[in-house]
Structures are given as C-alpha cells and as structure tokens.
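*Asks:* In terms of the working numbering, the sequence shown opens at residue 21 and continues consecutively. Pasting in a structure now, in structure tokens, and then I'll have a few things to ask.
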Amino acid sequence: MKAPKSWRWLMKKQQFLFEKGLFGAKMKQLPFMGVVCTVMLFIIYRTTNYQYQQTEDSGVDSKSLDSLPRGIIEARSDLELKPLWTTSSSTSKASVRSSSNLLAMPVGIEQKQNVDTIVQKKILQLSYGNLDGWWDLEWSKNAIHIVAYNQTKWWFAKRFLHPAIVSIYDYIFLWDEDLGVENFHPGRYLKIVKSAGLEISQPALDPNSTGIHHRITVRNRMNKFHRRVYDVRGSVKCSDDSEGPPCTGFVEGMAPVFSRSAWLCAWHLIQVITRAFL
C-alpha cells in the first residue's frame, strides 16, 4: 500500500517541477518582450524625430531673417522677362502686366506648326527635343525656353512652375502641344470659367474630333459647360448618382487649366518621379 502512495507522490512532484519550470520560462520571456518593445519604440521615436528635423531644416527660419533690412526679402518671383538695361520706356512697360495668365507647353519640333498656332502672347516653352528649330518664329525670342530631353510636362511643371514663381498669374494653362485651337477663344473661355467658379477645368473637345477617350471631354451643345455626363450604355452607367470617373469629377490631362489657388494645391500633389501616362 505504501508503494502506490510513493509513486503518486513522485508523479505530483514531477508535475509540480514541470509547471514550475514552465512558469519560469514564461517569466524569462516577459522581460525579453519588454526589451523588444522598448527598442521598437526607440527606433520609431528616432525616425519620427529625424523626419521632423529634416522638415524643419528644409524651411527657412523666420527668426534668422529678422536682422535683414526691411524690404530686402522677396518671397515670390515670376516668369516675366526683364531688360538688361533699364530705361524709362521699359520701366513703364514693366509696370503694366501684359497678361494675367500663363501658357506652358511641352513641345517637340515635329509639332512646330501647331504650336505656332496655339501661342498667343505669353508662353513658357518646355522643350523635350530640338531647340534650335524654334528661333525663326516671331514670338520665340519673347518666350522662355527650358530644355530637358525625353521628359513629361509634369516633370517640367514640378521643377519650374513652383507656386511662388507663378503666383502672379490668375490661370495656368498646362497644355499638350498637339491641340487644335481653330475654334478656341481664350477670352470667352476664361469668362465662362470665372462665371462658373471653376478652379480646374479644360476646354471641351469638338464632337467631330478624333481620338476621344472620355465622353465627358466632348462639348455639350446645349450648355456652356458641364461637370458630368449621362450614359446608360456599356458596362459603366453614368447617372445622377455617379460620383467619379468616367462620369464626373475629373479633367483629362491633355489641356488642364488651373486657377492660382488650385495650382497651389495641385503642385504639391505632383510626384517627383512621374510617368508618361500622367
């Protein structure tokens, strides 16, 4: 009778030792997990602090500019051409702004004739190819030419159309080079844009145009402007309940026109690395 009791006692002892060892292992894991969590929190803190410091360093500390003479700081610029030698006539011309809008286009020499048709008065020419072929045009010497081979217009826009540079212009026309403008009247177009309060817009395409990809870009013969299109055909149904492309809410990238305030927002959304389809 004593033997079974001793056996049961040994079994309980082994079980107790096993549970004690397991509890000890758990106790060892808890400090380890605490160390891991502490290290991760430290890394996150250092990373966040570094990003904050980088942001602070990229800006200009206003306190460091307090010692400069009043009127010496110029926070904005423009794309107006200035004469090398100032005369009374050039000063009077400079005081009167010839245009309150900016037309910027990426151009290739193969579209030279069409570009010549589009240009009115003010142009920032973003050339992605041969530059020498443009000098025979009458307006060429009054344009600003920026050359970079094989780049998109969004690449140019991000680097050369900073809001602080184009803030004097009411509207920025960021157009492609192959647009037909035979029936386009810029004054009438801007009158419609202003009356409708459009911040981002584009001229509608003629219904007989070729290469139409979205029906919303086609001119509505019944209205001066439209914000949506209705279509019950095809897989996508466009109705009053539609809230996004291709029914409403977008402008195709071939001929966008931005107001000053809209460009201030849009410029910050343009990615540094852009693709040709943007």
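The beta carbon of each residue, even a glycine, is placed where N, CA and C say it ideally should be.
Less than 9 Å between the C-beta atoms of D190 and R280, yes or no?
*Replies:* Yes, the pair counts as a contact, with Cβ atoms nearer than the cut-off.
*Asks:* To the nearest angstrom, report how far apart L289 and I220 are at their CA atoms.
*Replies:* Taking the straight line joining both Cα atoms gives about 14 Å.
*Asks:* Between which residues of its own chain and Q268 is the CB-CB distance below 8 Å, once the five residues before and five after are set aside?
*Replies:* The sequence given here has Thr at residue 268, not Gln. I236, R247, R248, V249, C258 and S262.
*Asks:* Decide if F278 is buried, meaning its Cβ has at least 16 other Cβ atoms within 10 Å, or exposed.
*Replies:* By the 10 Å Cβ count, F278 comes out buried.
*Asks:* When you compare only the Cα positions, how much space is there between R253 and D136?
*Replies:* About 40 Å.
*Asks:* The alpha helix (DSSP H) spanning Y191 covers which residue range?
*Replies:* Where Y191 is concerned, there is no enclosing alpha helix (DSSP H), although the beta strand (DSSP E) it sits in stretches over Y191 to L194.
*Asks:* Tell me whether the segment 177-193 and the segment 123-131 touch, counting them as touching only if at least three CB pairs, one residue from each stretch, are closer than 8 Å.
*Replies:* The segment 177-193 is in contact with the segment 123-131.
*Asks:* To which residues does DSSP link I220 through a beta bridge?
*Replies:* In the DSSP output, where bridge partners are listed per residue, I220 has F278.
*Asks:* Between which residues of its own chain and L42 is the CB-CB distance below 8 Å, once the five residues before and five after are set aside?
*Replies:* Note that L42 scores 45 on pLDDT, short of 50, meaning its location in the model is unreliable and no value can be drawn from it.
*Asks:* Report buried or exposed for F62, applying the criterion of at least 16 other Cβ atoms within 10 angstroms of its Cβ.
*Replies:* Exposed, because fewer than 16 other Cβ atoms sit within 10 Å of the Cβ of F62.
*Asks:* Name the two residues that bound the continuous beta strand (DSSP E) containing I166.
*Replies:* I166 -> beta strand (DSSP E) spans I164 to V167.
*Asks:* Report yes if the CB atom of D98 is closer than 9 Å to the CB atom of S187, and no otherwise.
*Replies:* In contact: D98 and S187 (Cβ atoms closer than 9 Å).
*Asks:* Near H182, which residues of its chain fall below 8 Å by C-beta distance, leaving aside the five closest residues on each side in sequence?
*Replies:* Excluding sequence neighbours, H182 sits near W287.
*Asks:* Whole angstroms are fine: how far does the CA of P265 sit from the CA of F176?
*Replies:* Roughly 26 Å between the two C-alpha positions.
*Asks:* Evaluate I232 with the Cβ neighbour count: other Cβ atoms within 10 Å of its Cβ, from every protein chain shown; 16 or more gives buried, anything less gives exposed.
*Replies:* I232 is exposed by the Cβ-count criterion.
*Asks:* By a C-beta neighbour count over all protein chains shown, 10 Å radius and 16 as the cutoff for buried, is E197 buried or exposed?
*Replies:* It is buried - the Cβ of E197 has at least 16 other Cβ atoms within 10 Å.
*Asks:* Is it right to say Y169 is buried, meaning 16 or more other beta carbons lie within 10 angstroms of its own, or is it exposed?
*Replies:* The residue in question, Y169, is exposed, as its Cβ has fewer than 16 Cβ neighbours within 10 Å.
*Asks:* In whole angstroms, give me the CA-to-CA distance for I143 and P206.
*Replies:* Its pLDDT being 47, under 50, I143 is placed unreliably in this model, and the value from its coordinates should be taken loosely. For I143 and P206, the distance between alpha carbons rounds to 14 Å.
*Asks:* Mapping DSSP to helix, strand and coil, what is V238?
*Replies:* DSSP places V238 in strand when its eight states are reduced to three.
*Asks:* Compute the Euclidean distance between the alpha carbons of Q222 and K214, then round it to the nearest angstrom.
*Replies:* Distance between the alpha carbons of Q222 and K214: 13 Å.
*Asks:* Between F245 and A216, how many whole angstroms is the CB-CB distance? I'm expecting something under 8 Å.
*Replies:* Their Cβ separation, rounded to whole angstroms, is 5 Å, which keeps F245 and A216 in contact under 8 Å.
*Asks:* Count the other CB atoms within 10 Å of the CB of I16; is the residue buried (16 or more) or exposed (fewer)?
*Replies:* Because the chain is modelled from 21 through 298, residue 16 falls outside the range shown and cannot be assessed.
*Asks:* Pick helix, strand or coil for L289, following the three-state DSSP scheme.
*Replies:* Here L289 sits in helix by DSSP.
*Asks:* Going along the chain, which residues of its own chain have a beta-carbon closer than 7 Å to the beta-carbon of G200, five neighbours each way excluded?
*Replies:* Same-chain partners within the cutoff: there are none.
*Asks:* Below 8 Å on the Cβ atoms is my guess for V239 versus L218; work out the distance and round it to an integer in Å.
*Replies:* Strictly speaking, residue 239 in this sequence is Arg, with Val absent from that position. Not quite, the Cβ-Cβ distance comes to about 15 Å (not below 8 Å), so this is no contact.
*Asks:* Who are the Cβ neighbours of Q291 in its own chain at under 6 Å, not counting the five residues just before and after it?
*Replies:* The answer is none, since no qualifying residue turns up.
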